[in-house]
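S.K.:
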Amino acid sequence: MAKTSKSKGNHKKSETSKVSRKRSHEDSESEVEDNEKVVEELDADFDEVAGLLGDDIEDPESKSQSKKEKQKAKDEAKLEKLTKPQVSKEITEDDSENVLFENADLSEPTMRAIKEMGFTKMTKVQAKTIPPLLAGRDVLGAAKTGSGKTLAFLIPAIELLYSLKIKPRNGTAVIIITPTRELALQIFGVARELMQFHSQTCGIVIGGADRRQEATKLSKGVNLLVATPGRLLDHLKNTQFVFSNLKALVIDEADRILEIGFEDEMKQIIKVLPNENRQSMLFSATQTTKVEDLARISLRPGPLYINVVPEKDVSTADGLEQGYVVCDSDKRFLLLFSFLKRNVKKKIIVFLSSCNSVKFYSELLNYIDLPVLDLHGKQKQQKRTNTFFEFCNAKQGILVCTDVAARGLDIPAVDWIVQFDPPDDPRDYIHRVGRTARGTQGKGKSLMFLTPSELGFLRYLKAAKVPLNEYEFPANKIANIQSQLTKLIKTNYLLNQSAKDGYRAYLQAYASHGLKTVYQIDKLDLKKVSASFGLDQVPRVNLSIGGTKTKKQKRS
Numbered sequence: 000m001a002k003t004s005k006s007k008g009n010h011k012k013s014e015t016s017k018v019s020r021k022r023s024h025e026d027s028e029s030e031v032e033d034n035e036k037v038v039e040e041l042d043a044d045f046d047e048v049a050g051l052l053g054d055d056i057e058d059p060e061s062k063s064q065s066k067k068e069k070q071k072a073k074d075e076a077k078l079e080k081l082t083k084p085q086v087s088k089e090i091t092e093d094d095s096e097n098v099l100f101e102n103a104d105l106s107e108p109t110m111r112a113i114k115e116m117g118f119t120k121m122t123k124v125q126a127k128t129i130p131p132l133l134a135g136r137d138v139l140g141a142a143k144t145g146s147g148k149t150l151a152f153l154i155p156a157i158e159l160l161y162s163l164k165i166k167p168r169n170g171t172a173v174i175i176i177t178p179t180r181e182l183a184l185q186i187f188g189v190a191r192e193l194m195q196f197h198s199q200t201c202g203i204v205i206g207g208a209d210r211r212q213e214a215t216k217l218s219k220g221v222n223l224l225v226a227t228p229g230r231l232l233d234h235l236k237n238t239q240f241v242f243s244n245l246k247a248l249v250i251d252e253a254d255r256i257l258e259i260g261f262e263d264e265m266k267q268i269i270k271v272l273p274n275e276n277r278q279s280m281l282f283s284a285t286q287t288t289k290v291e292d293l294a295r296i297s298l299r300p301g302p303l304y305i306n307v308v309p310e311k312d313v314s315t316a317d318g319l320e321q322g323y324v325v326c327d328s329d330k331r332f333l334l335l336f337s338f339l340k341r342n343v344k345k346k347i348i349v350f351l352s353s354c355n356s357v358k359f360y361s362e363l364l365n366y367i368d369l370p371v372l373d374l375h376g377k378q379k380q381q382k383r384t385n386t387f388f389e390f391c392n393a394k395q396g397i398l399v400c401t402d403v404a405a406r407g408l409d410i411p412a413v414d415w416i417v418q419f420d421p422p423d424d425p426r427d428y429i430h431r432v433g434r435t436a437r438g439t440q441g442k443g444k445s446l447m448f449l450t451p452s453e454l455g456f457l458r459y460l461k462a463a464k465v466p467l468n469e470y471e472f473p474a475n476k477i478a479n480i481q482s483q484l485t486k487l488i489k490t491n492y493l494l495n496q497s498a499k500d501g502y503r504a505y506l507q508a509y510a511s512h513g514l515k516t517v518y519q520i521d522k523l524d525l526k527k528v529s530a531s532f533g534l535d536q537v538p539r540v541n542l543s544i545g546g547t548k549t550k551k552q553k554r555s
């Protein structure tokens with residue numbers, strides 16, 4: 000990362016870089032201007048344009064107009080070339096094997112921390128990302144989940160703080176923006192380990208935490224700040240703290256940030272933050288139009304594009320064994336229960352589609368003496384944090400959760416990923432299974448439940464280069480506890496209410512699926528679905544609620 004690199008092609012010297020710490024943040028929905036000054040700096044080459052005119056005779060006015068049009072086309076072509084992410088030959092070649100951290104010319108405090116954390120060799124994304132970031136380049140990165148990109152951006156960011164001799168009184172010099180609280184907590188934990196021998200400070204601001212305590216810490220000086228978008232914007236608007244010395248901005252999981260509805264907040268944040276002499280990094284598992292737009296306003300012209308291409312022609316980790324099982328709706332829970340009972344010594348994550356479904360099944364499993372932890376978006380932040388770290392530290396156990404845990408979180412040594420409720424699309428599938436088989440030597444397995452009407456989803460996975468095998472579970476190996484389950488739910492009032500809430504939430508989530516040709520709610524046998532929740536009667540459900548949810552409303 001540039002010790003303090005001053006780019007000739009800075010995006011814009013925006014008036015927002017002069018924003019005082021006390022100014023009210025104006026309500027901005029207008030697009031940030033892109034590269035206007037770059038066009039003004041482009042050299043005109045009229046001799047070449049004149050050569051293109053040939054021997055045709057034109058009147059002076061027509062010729063002048065033709066020159067202007069051709070020059071405009073040339074300028075636009077140059078601008079596109081200048082602002083397009085560059086892919087250098089050495090980055091795309093497979094020369095990143097066996098790169099050691101000790102050869103990266105890192106500071107002594109950073110190297111000491113890396114050794115204490117047990118790392119010696121870089122992953123591919125680290126080997127390809129750390130050197131250009133240390134050299135001051137802006138980077139647009141794409142890598143498989145579990146590739147080690149957290150260290151890839153944290154190490155250069157911390158080295159920048161060290162090289163500039165940043166002190167707490169200098170305020171916030173590095174900001175890392177991430178979509179979820181859990182991912183922010185994880186990044187903060189890694190940053191704290193990396194900075195244990197440095198004098199600089201690090202902090203975290205996330206929704207659900209004590210805002211007043213956060214403001215107090217910010218006012219005292221937090222050099223490296225990890226944040227979720229909404230809470231960061233809140234502090235930028237309303238908290239007096241120094242961020243005028245910002246030297247690096249990291250946007251992690253950019254596609255996820257935009258998916259869950261933070262597009263406006265991100266535009267406002269980018270407008271407020273100073274951009275002069277600022278190095279920026281943007282990481283995204285997928286490249287969409289919105290991600291490209293965000294990259295355009297946050298990165299300097301001509302960022303380096305780093306794409307860690309899988310060795311094999313597949314979209315998931317090499318050490319991941321993947322399969323699916325086909326069963327009717329009324330057999331789903333019986334199969335899940337049997338599977339979990341046979342794997343109680345393993346570390347397993349079970350994904351469901353809604354908070355209330357997670358709540359019911361976790362309550363049920365705990366009640367029938369199959370201990371599980373649960374994690375979903377309706378829990379208080381402290382509960383979510385405690386559960387996350389408890390499961391991280393466990394050698395075995397079961398975590399039942401929504402997709403709140405499906406992106407970016409690094410949970411050690413997960414043996415099985417079980418997708419009890421199917422994902423919305425292949426991208427969500429890949430993010431879920433990315434919780435296992437992480438790192439260079441990672442191994443793991445995944446199991447996805449599908450009903451016969453959902454088998455069309457396999458075509459989408461095949462198109463996304465996801466290899467799956469069909470698993471079969473003999474009927475005599477599946478616990479036949481349906482009658483006991485129905486009796487329990489009928490006689491236990493609290494479980495009965497929770498089952499009805501879970502059933503309704505499941506159907507509403509099903510109705511909101513994007514792949515309508517695969518997930519057709521009118522093909523569901525509601526009697527069988529209700530049986531999977533232990534209900535002997537089919538509850539009434541207003542499906543219009545689930546069908547009209549927006550991404551922001553569906554946050555886990």
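Residue numbers (numbering that gives the first Met the number 0): 0 to 555. A virtual CB, placed ideally from N, CA and C, is assigned to each residue, including glycine.
(1) Where do the N-terminal and C-terminal ends of the alpha helix (DSSP H) with Lys444 fall, by residue?
(2) From Val537 to Tyr304, what does the alpha carbon distance come to, in whole angstroms?
(3) Are there 16 or more other CB atoms within 10 angstroms of the CB of Tyr492, so buried, or fewer, so exposed?
(4) Using the C-alpha atoms, what's the distance from Ala504 back to Cys354?
(5) Establish whether the CB of Trp415 and some CB of chain D are separated by less than 8 Å.
(6) According to DSSP, is Ser356 helix, strand or coil?
(7) Does Met116 pass the burial test, meaning 16 or more other C-beta atoms within 10 Å, or should it be called exposed?
(8) For the alpha helix (DSSP H) containing Glu320, name the first residue and the last one.
(9) Cutting at 6 Å between CB atoms, please list the residues of its own chain near Ser445, excluding the five before and the five after it.
(10) For the alpha helix (DSSP H) containing Ala103, list its first residue and its last residue.
(11) Going by beta-carbon coordinates alone, are Val371 and Leu398 separated by less than 8 Å?
(12) Is it right to say Tyr161 is buried, meaning 16 or more other beta carbons lie within 10 angstroms of its own, or is it exposed?
(13) Between Leu184 and Cys201, how many whole angstroms is the CB-CB distance? I'm expecting something under 8 Å.
(14) I need the straight-line Cα distance from Met447 to Leu514, nearest angstrom please.
(15) Is there contact here, the region 128-136 with the region 256-263, by at least three beta-carbon pairs under 8 Å?
(16) Which residue from Lys246, Glu252, Glu213 puts its Cα closest to that of His234?
(17) Secondary structure at Asn365, three-state DSSP: helix, strand or coil?
(18) By DSSP, does Met280 sit in helix, in strand, or in coil?
(19) Between the region 357-377 and the region 494-501, can you find at least three pairs of beta-carbon atoms closer than 8 Å?
(20) Exposed or buried, what is Asn468 when buried is set at 16 or more other beta-carbons lying within 10 Å of its beta-carbon?
(21) Could you check whether Thr177 and Glu252 sit closer than 8 Å to each other, using their CB atoms as the reference points?
(22) Which class does Phe261 belong to by DSSP, given the choice of helix, strand or coil?
(23) Please classify Ala560 as buried or exposed, where buried requires at least 16 other C-beta atoms within 10 Å of its C-beta.
(24) In chain order, what residues of the same chain have a beta carbon less than 6 Å from the beta carbon of Asp525, not counting five sequence neighbours either side?
(25) Please list, in chain order, all residues of the same chain as Val413 whose beta carbon is under 7 Å from its beta carbon, the five residues on each side excluded.
(26) So the beta strand (DSSP E) Ala141 belongs to, where does it begin and stop?
(27) What's the gap between the Cα of Ala151 and the Cα of Asp521?
(28) Taking all protein chains shown into account, do 16 or more other C-beta atoms lie within 10 angstroms of the C-beta of Ser529, making it buried, or fewer, making it exposed?
(29) Closest to Asp427 by C-alpha separation, out of His512, Lys266, Leu484, would be which residue?
(30) Taking 8 Å as the threshold (C-beta atoms), are Phe100 and Thr119 in contact?
(31) Span of the alpha helix (DSSP H) holding Ala530?
(32) Among residues of its own chain, excluding the 5 on either side of Ser531, which ones have a beta-carbon nearer than 7 Å to its beta-carbon?
(33) For Phe187, collect the residues of the same chain with a Cβ closer than 6 Å to its Cβ; drop the 5 residues on either side in sequence, then sort them by chain order.
(34) Report back the beta-carbon spacing between Leu159 and Ala247 to the nearest angstrom; my notes put them in contact at under 8 Å.
(35) Where do the ends of the alpha helix (DSSP H) carrying Lys120 lie?
M.R.: Judging by the given coordinates:
(1) From DSSP, Lys444 is part of no alpha helix (DSSP H) but of the beta strand (DSSP E) over 443-449.
(2) 53 Å
(3) exposed
(4) 8 Å
(5) No chain D appears in this structure, which consists of one protein chain only.
(6) helix
(7) exposed
(8) First-last for Glu320: 319-325, but that is the beta strand (DSSP E), not the alpha helix (DSSP H).
(9) Gln321, Ile416, Val432
(10) Ala103 -> no alpha helix (DSSP H), and no H or E assigned at all.
(11) yes
(12) buried
(13) Not quite, the Cβ-Cβ distance comes to about 12 Å (not below 8 Å), so this is no contact.
(14) 17 Å
(15) no
(16) Glu213
(17) helix
(18) strand
(19) yes
(20) exposed
(21) yes
(22) coil
(23) Outside the displayed range of the chain (0 to 555) lies residue 560, so it cannot be described from this structure.
(24) At residue 525 the sequence reads Leu, which differs from the Asp that was named. Val537, listed in sequence order.
(25) Lys346, Ile348, Arg434, Thr435, Gly443
(26) 138-141
(27) 47 Å
(28) buried
(29) His512
(30) yes
(31) 525-530
(32) Ser328, Asp329, Arg331, Phe332
(33) Ile203, Val225
(34) 6 Å
(35) Where Lys120 is concerned, there is no enclosing alpha helix (DSSP H), given that its DSSP letter is neither H nor E.
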